[in-house]
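First the structure, in the form of structure tokens, and then the observations on it.
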Amino acid sequence: MAKIKILIADDHAVVREGTRRILEQEQNLEVVAEAGDGEEAVRLATSFKPDVAIIDIAMPRLDGIEATRQIKSLCPATTVLILTAYDDEQFIFSLLEAGAAGYLLKSIRGRELVDAVLAVHAGESVLHPSVARKVLNRFMLAPGKPQKKAPLEVL
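In terms of the UniProt record's numbering, the sequence shown has 102 at position 102, counting the first letter as 1, and numbering is strictly consecutive.
In structure tokens:
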């Protein structure tokens with residue numbers, strides 16, 4: 001079975017190193033490239049064609065939103081998984097619209113990251129629970145949503 005090739009993009013070297021160590025404990029995962037900024041992430045994605053790109057949001061030279069958009073445009077087979085400290089709605093929805101298949105917060109445990117990489121590689125979507133709540137809230141409050149009628153109104 002071929003290893004799942006992974007690109008890690010984060011402007012903090014310690015985060016990249018820790019993420020690499022967690023992922024490479026799994027025999028079927030291989031980190032093929034690391035980027036310290038968004039431009040480098042796009043360049044490395046086009047060179048290495050990773051199966052999964054783990055992308056942070058706040059990076060120099062090109063933010064994670066635009067890096068995700070460009071990676072998905074240039075390497076449509078690469079699945080993007082966001083790993084960030086930010087759970088602001090503006091970031092969540094911008095990244096999902098840009099093509100991210102998953103959105104995790106850096107508060108997760110190592111096993112959760114491994115499971116998320118395997119899930120998005122298998123075609124699933126992964127959202128941190130607090131992010132999932134924000135996504136659900138957005139749809140529950142969306143205009144045009146059928147209004148729930150009180151039981152007596154139905155009669």
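Virtual Cβ for every residue (Gly too), placed ideally from N, Cα, C.
Beta-carbon gap between residue i and residue j smaller than 9 Å
i	j	result
V131	D87	yes
V126	I4	no
I65	A41	no
I55	G36	no
Q23	E34	Residue identity differs from the one stated: residue 23 is Leu in this sequence, not Gln. Contact flag unset, no.
V135	F91	no
I6	P50	yes
Y103	I71	no
Residue i beta carbon near the ligand FMN (any heavy atom closer than 8 Å)
i	result
I8	For the structure depicted, the ligand FMN is absent and the ligand set is empty, with no information on it obtainable.
Minimum C-alpha distance to residue i - residue among the options
i	options	result
P84	Q27, T46, H12	For the sequence presented, residue 84 should be read as Thr rather than Pro. Cα-wise, what sits closest to T84 is H12.
A122	T19, A45, P76, V52	V52
I108	G102, H128, V31	H128
E89	R138, V120, E30, A119	R138
A2	A67, Q25, E30	E30
Rounded separation between residue i and residue j - CA only
i	j	result
G18	E112	14 Å
V114	V15	15 Å
E124	L96	13 Å
S73	N28	26 Å
I8	I57	12 Å
V80	K106	16 Å
F48	V32	7 Å
C75	A100	13 Å
T78	R21	21 Å
A119	T46	22 Å
G110	M140	32 Å
Beta-bridge pairing of residue i - partner residues as DSSP gives them
i	result
L55	Before going on, a small fix: residue 55 reads as Ile here, not Leu. Partner(s): A9, I82.
V126	G102
I4	L29
Endpoints, beta strand (DSSP E) assigned at residue i
i	result
L29	29-35
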